[in-house]
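Input: a single structure, listed below in structure tokens.
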Amino acid sequence: MTQSAALHTLLDAAKAWHSALPALSEFVHWPQDLTYTERPPHALPHIAHLTAEPGVASAVSTPLRDAIITAAPYIEWRHTYTEEEVGRDFLNRFGWFELAGPDGHFITNEARLTVGFWGANLHYDWHQHEPEELYSVVSGHGQFMIEDQDTLTLGPEGTRLHLSNQPHALTTTDATILTFVLWRGAGLADPPRMSP
Ligand SMILES: [Fe+2]
1 MTQSAALHTL LDAAKAWHSA LPALSEFVHW PQDLTYTERP PHALPHIAHL TAEPGVASAV
61 STPLRDAIIT AAPYIEWRHT YTEEEVGRDF LNRFGWFELA GPDGHFITNE ARLTVGFWGA
121 NLHYDWHQHE PEELYSVVSG HGQFMIEDQD TLTLGPEGTR LHLSNQPHAL TTTDATILTF
181 VLWRGAGLAD PPRMSP
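Counting along the sequence shown from 1, when you hit position 143 you're at 143 in full-length UniProt numbering, and nothing is skipped either side.
Shown next, in the form of structure tokens:
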């Protein structure tokens, strides 16, 4: 398999996921200006955990989960955060990538589509960003926290909205979690930052 074939198969699965969940398709339209770009794959340690323990998926989310696993060796995985910010264990069992966006495997300026994976028993501390964000859970489950709101435990097909610059956090317990995340609005190219 080539990188292009793996990424295009993954994009098709992501598009099907986006159209299957009304919350996603109502949040932002599927980008119309997607342009594939070659990016050197960048492996990170979490790939072994993702492959061995991707978490339970639903009938609707299984094709996307499996396409992510198949494409994993071809993906430019990122950490963004430093060991000083999140610790070594977190970096060993976390990774994300930009499927589509200003700096993604597919270039678009209409939205940002990313995928994130966390191992079990990790805490992604309070952070925020200017774009509005809609999380969707592909497999596994986790606890989604928003300042001044109830914590929600979400599994496959669960979604949660984060407003512009609204602090939020994520904790995993006894399972890993694989998420597909949409951003819309200003600041698509900027990284999230830890909340003050
Ligand atoms: Fe976020």
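Heads up, the beta-carbon is just placed ideally off N, CA and C, and yes, glycines get one too.
Quantities reported herein were computed from a predicted structural model and do not represent experimental measurements.
Could you tell me which residues DSSP pairs with residue i in its beta bridges?
| i | result |
| --- | --- |
| E133 | H162, W183 |
| E98 | T114 |
| Q128 | R193 |
| E76 | H42 |
| residue 197 | Coverage of the chain is limited to positions 1 through 196, which leaves residue 197 absent and any answer about it impossible. |
| M145 | A169 |
If residue i sits next to residue j, beta carbons under 8 Å apart, how far is it from one beta carbon to the other, in whole angstroms?
| i | j | result |
| --- | --- | --- |
| P131 | S164 | 7 Å |
| A71 | L182 | About 19 Å separates the two Cβ atoms, so there is no contact after all. |
| L44 | S136 | 22 Å between Cβ atoms; not a contact. |
| Y74 | L7 | 6 Å |
In three-state terms, what does DSSP make of residue i?
| i | result |
| --- | --- |
| D89 | helix |
| R81 | The amino acid at residue 81 is misidentified as Arg; the sequence shows Tyr. Coil at Y81, not helix or strand. |
| S139 | strand |
| T151 | coil |
| H18 | helix |
| H105 | coil |
| T171 | strand |
| L34 | coil |
| A59 | coil |
| H123 | strand |
| T9 | helix |
| E53 | coil |
| T70 | helix |
| L188 | coil |
| E26 | helix |
Exposed or buried, residue i, counting other C-beta atoms within 10 Å across all chains shown (16 or more means buried)?
| i | result |
| --- | --- |
| R93 | buried |
| R88 | exposed |
| T172 | buried |
| Q128 | buried |
| V63 | Sequence inspection shows Pro at residue 63; the Val mentioned does not correspond to that position. With 16 or more other Cβ atoms within 10 Å, it is buried. |
| M145 | buried |
| S19 | exposed |
| T153 | exposed |
| H42 | exposed |
| T159 | buried |
| E98 | buried |
Is it the case that the Cβ atoms of residue i and residue j are separated by a distance below 8 Å?
| i | j | result |
| --- | --- | --- |
| L113 | F90 | no |
| E85 | M194 | yes |
| S25 | E157 | no |
| G140 | G55 | yes |
| L178 | I47 | no |
| A186 | W126 | no |
| H79 | G95 | yes |
| L134 | L161 | yes |
| R184 | V60 | no |
| D174 | N109 | no |
| F117 | T176 | yes |
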